[in-house]
Each structure stands twice: as structure tokens, then as C-alpha cells.
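Numbering (my numbering), first residue to last: 157 to 654. Here a beta-carbon is modelled for each residue, glycine too, at the ideal position from N, C-alpha and C. Note that this is a predicted model, so its numbers are computed, not measured. Accompanying notes for the structure given below.
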């Protein structure tokens, strides 16, 4: 109602209040630094419409690609202390930037050839052996300075997720979840009768306004919060790696190196291989000197990169990411998208970044209001298209018919529901026990093979057990794939028969 104390507002509410105060005077020029941070999709789209209608000039800093594409008419790129201007919208930026970097690479190779020629002359030239030519020495010094300034096409973040052992095919099976806050008349239903099945390899995104219950649903699905109704079954062998939006997993006084290794030395395991923490942090654009500095001196973007370094160092097969794009620059965001796309496990995420959702999500779970959540296949744009197609269908269904047909003609002739054949039905029944037995056998073999004395004392048995483990894993994967196909076929048959 406009009387709230700004100090008591949430991050999203405070950002909206600041934007309202900035936009109200209708200024001639607007300077906006990351205006979409902490805003939900509805607020971002409202802000877009307000800025499009504004007649003033707009200077904007943002990592939200869709926001930039929809608003910009020119793009200024700040790269290694230099600025470059493109007289086109951000939609053209990446192709332009890549072309400039490619040309820079050509120039760098040319420069290196010139340096090699000058160094050869200094070592072997007749004049050089008799007397140093001051002019050529100065030229070489200048070439070397130029190369130092060409520090490479920006330091590029190198991300690789540490892969844990594979999870089962079914990662999460949630049925009839409901959850409310408060009692009696003050009770508010956050999640109402929600069901979702997540399989290995899915990338599920939770989307909706701030305060709609996305984080509550995330906590219900991951087992952190018990539902008041319904149940959640987590698959076997889940190794969860989490990134929360409050960035609460960092201790301000801890060094960057200690934050990544949890204070357990100078080595971190990445993709099953030991890496020195200094080298690993350089992959995330931190210098060796920074590795010993405390977390509290980092900027927001640096803290985000450090959290990603910590996240991907932990073996996992299930990523849980709450607003992972906050404070990331575009290059780091690109690489995060690639890592999620290539990740062999499953990802469950919350995000308001529409472009990010279109690039990584296999399904969107949208908060519709009043505790209702609906699943849509595909990314954010796919969800909008499906909602747009569904609306006319609902309107058509509500319209009364002009002529009332005969009731007997209305009543459809119901065919006998199709049934699953005996062989498939039997396999569907016995496969879960077979898979469970295989998982137990695999766990025993992995335990035996982890004994260092086995390889040194009995290498033949070590080899036999390793071969058996490979065979068992392959058989279990095949059984899981068959069970999944049969289960989907059963659901389709039941749906068509019902």
C-alpha cells in the first residue's frame, strides 16, 4: 500500500520500489545497472514495456540476453580495458564479437611470426654478432609489449562438472504434494495437489512470480521439506550438488582455496582426477594471489564464480540450482549453459532468465497461482506457445452449442481398453527387483574394488571383478531403459482406456 518500511522489503520488492522511484519522474536519460536482478519474469516483462514506452535515452548494463535484445539499439562492449561500439541491438552482438576475436587471433599469429623473425635476426644476423642494432632492439621490445597487451581473447572460464556415479533412471517421483503456511484463517496454500516425475537426464525449471512458492516446491522435491499431503520418493544413488540463491555456502573469513577444498588441503578432485586448487581456481578466472585472500573481499560476480567452482568440484549426479545466473557475466553464463547441457546427470533449477531457460530446460513447471503448478514440455518460449494454444481451446469449451443433439448420438461407443501383452506385463513386474539386485551387486563390487590391497595382492581377481562390474552396469542400464519404456507404454494404455 506504499507505507511499508523499505528496510523491511525483500530483494525483489526493494528492486521494484527503486525502479518505481526512478521511472516516476519520466527522466530524459535513464542509467540502469542490472535492473532485472531479483525481479521475477512478470516484473521483468512489465519493466520492458515501461522502458519501451519511455521517450528518454536509456543506458543499460545487464546480463539478461532477452532483456537486452528487446530494448537495445546499440551495444558497447568493454573488453580488457577497451570499449567497442556496435550500432545494432544486442541480438547482433555475439556474431560481431566472435568475428572481432577471430580477426584478433589472426593478428596475434602475424605478430608472433614477426617476433620470431626479429629474435632469429638478433641471434644469427651478421650485424647482430658485430654490433647490436638499437633500432631493431627497440622494434622487438615494442612487439613484445604489444603481445603482452593482447592477453588472449579474454580469460575464459573453464567449467567441468565432477561426475558422480550414475543415479537410477527414476530420480524423483512426487505424487499429490500439498503444503501450506499458517493456521486457520491465516493459512496460505503454497503448493496444491502437485505431482511430477523426474527421470535421469531431465532439466526441469521452476518458474513463476516471487513469493509463488518455487523455493518451497524445490525443497519439497529434494526432500528438505516434508509435504503435509502426498509423498516424494527420491531415486537411489543420488549425489546432490546445490547452489542456493542466497549464496550462503561461503564463509566470509575463509580463503578462496579453503572454500573450494573445504579446508582439506591443496588438492581438489575434478572429473575423477586430482587438480591443484590454484590451477583449478585459474579455470574460474582467479589469480594465484587471490586464492589466499578471504571470500569477503570478492565482488558479487566473483562470489558467483567461486560458488560454481565449489559446486562443480563436488561429485554429483543431481544439480539443484536456485537462480544460478544471478551476478554472472555473459561468458560465464555461456559456459554454465554448456556444462548443464553436457551434464550426464539431472538438473532441477529455479530461474527468471528467459534466454537461459530456452537454452537449457527440457520442461518448465509454472506457478499458476493459488498453489497450482503446471508442467510444460520445452523451454520458456515453448511454455508460452502452449499456454497461448490452450487458452482458445478453453474458451471454445465454454461456449454453449446452438443445437442440442440427440443424447444417444452424444454418447460415444466405448471400445474395450487395450491391454499390455503378458510378456511385457511380466517384465514390468519383475524388472524393479532385478534392477535393485543389480544395484546391490554393483555396490558390493565397488566396495571390493576400492580396497588398495586387492590390486597389489591379486591383480587377476581385480581384473575379473572390474570386468564383472562393467557387465553388471551395462545390464542394469539396459533393464532400466526397458522398464522406463514399459512404464510409459502402460501409462499411455491406461490413459487411452480411461
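Quiz item: Curious, which full-length beta strand (DSSP E) runs of at least 3 residues does the segment 189-218 contain?
Solution: 213-217
Quiz prompt | Three-pair Cβ contact test at 8 Å for the segment 327-334 versus the segment 378-393 | solution = In short, these stretches touch, since the Cβ pair count reaches three.
Exercise. Please report how far the alpha carbon of residue 591 lies from the alpha carbon of residue 643, in whole angstroms.
Key: Distance between residue 591 and residue 643, taken at the CA atoms: about 14 Å.
Practice problem: Would you kindly check if the distance between the Cβ of residue 220 and the Cβ of residue 178 is under 8 Å? | Solution: No, these two residues do not count as a Cβ contact at 8 Å.
Practice problem: Name the residue from 422, 467, 437, 407 whose alpha carbon lies nearest to the alpha carbon of residue 453. | Solution: 407
Quiz prompt | Cβ contact (3+ pairs, closer than 8 Å) linking the segment 478-486 and the segment 502-518 | solution = yes
Self-check item: Selected residue, minimal CA-CA separation from residue 375, among 366, 358, 359, 400
Solution: 400
Quiz item: What are the residues that DSSP puts in a beta bridge with residue 430?
Solution: Its beta-bridge partners are 425.
Self-check item: From 593, 532, 637, residue whose alpha carbon lies closest to that of residue 362
Solution: 532
Quiz item: When DSSP labels each residue in this structure, what does residue 244 get in the three-state scheme?
Solution: coil
Self-check item: Boundaries of the alpha helix (DSSP H) in which residue 372 is found, first to last residue
Solution: Note, residue 372: alpha helix (DSSP H), 370-377.
Self-check item: Boundaries (first-last residue) of the alpha helix (DSSP H) holding residue 489
Solution: 486-498
Exercise. Find the nearest neighbour of residue 227 within the set 264, 194, 235, 188, judged by alpha-carbon distance.
Key: Considering only 264, 194, 235, 188, the residue with the shortest C-alpha distance to residue 227 is 188.
Exercise. Label residue 613 either buried or exposed according to how many other C-beta atoms from any shown protein chain fall within 10 Å of its C-beta, with 16 as the threshold for buried.
Key: exposed
Exercise. With DSSP as the reference, label residue 307 as helix, strand or coil.
Key: Here the model assigns residue 307 a pLDDT of 48, short of 50, so the residue's position is not dependable, and the following value carries that caveat. Residue state, collapsed to three classes: coil.
Practice problem: Give me the Cβ distance between residue 601 and residue 624, rounded to the nearest whole Å; I'm assuming they're in contact under 8 Å. | Solution: Yes, residue 601 and residue 624 are in contact; Cβ-Cβ is about 6 Å, under 8 Å.
Self-check item: Which of helix, strand or coil DSSP assigns to residue 441
Solution: coil
Quiz item: From residue 581 to residue 649, what distance separates their C-alpha atoms?
Solution: Their Cα atoms are separated by approximately 12 Å.
Quiz prompt | Helix, strand or coil at residue 614 according to DSSP, with G and I counted as helix | solution = coil
Exercise. Name, in chain order, the residues that DSSP records as bridge partners for residue 396.
Key: Within the DSSP secondary-structure output, residue 396 pairs in a beta bridge with 474.
Quiz item: Tell me which same chain residues have a C-beta within less than 8 Å of the C-beta of residue 344, skipping the five on either side of it?
Solution: 336, 337, 338
Exercise. Hey, could you find the ends of the alpha helix (DSSP H) residue 417 is sitting in?
Key: Looking at the DSSP string, the run of the alpha helix (DSSP H) that includes residue 417 is 412-417.
Quiz prompt | Simplified DSSP state of residue 348, which is helix, strand or coil | solution = strand
Quiz item: Which class does residue 556 belong to by DSSP, given the choice of helix, strand or coil?
Solution: Residue confidence is low: residue 556 scores 42 on pLDDT, short of 50, so the model does not pin down where it sits. Its coordinate-derived value is still stated next. In the structure shown, residue 556 falls within a coil segment according to DSSP collapsed to helix, strand and coil.
Quiz item: Would residue 586 be called buried (16 or more neighbouring beta carbons within 10 Å of its own) or exposed?
Solution: Taking all protein chains shown into account, residue 586 has fewer than 16 neighbouring C-beta atoms within 10 Å of its C-beta and is therefore exposed.
Practice problem: Note the first and the last residue of the continuous beta strand (DSSP E) segment covering residue 387. | Solution: 385-390
Quiz item: What first and last residue would you give for the beta strand (DSSP E) that runs through residue 521?
Solution: 519-525
Exercise. Can you give me the start and stop residues for the alpha helix (DSSP H) that residue 513 sits inside?
Key: 510-516
Quiz item: Going by the beta-carbon positions, is the gap between residue 455 and residue 501 smaller than 8 Å?
Solution: no
Quiz item: Got a sec? Which residues, its chain only, sit under 7 Å from residue 206 by beta carbon, not counting five neighbours each side?
Solution: 179
Quiz prompt | Chain-order list of residues whose beta-carbon lies under 6 Å from that of residue 352 (same chain, five-residue window excluded) | solution = 330
Quiz item: residue 680 and residue 513: beta carbons closer than 8 Å?
Solution: There is no way to answer for residue 680, as the model of the chain reaches only from 157 to 654.
Quiz item: Are the beta-carbon atoms of residue 442 and residue 412 separated by less than 8 Å?
Solution: Taking the C-beta atoms as reference points, residue 412 is found nearer than 8 Å to residue 442.
Quiz item: Which residue or residues does DSSP assign as beta-bridge partners of residue 596?
Solution: Residue 596 pairs with nothing; no bridge assigned.
Quiz item: So what's residue 634 in DSSP terms, helix, strand or just coil?
Solution: helix
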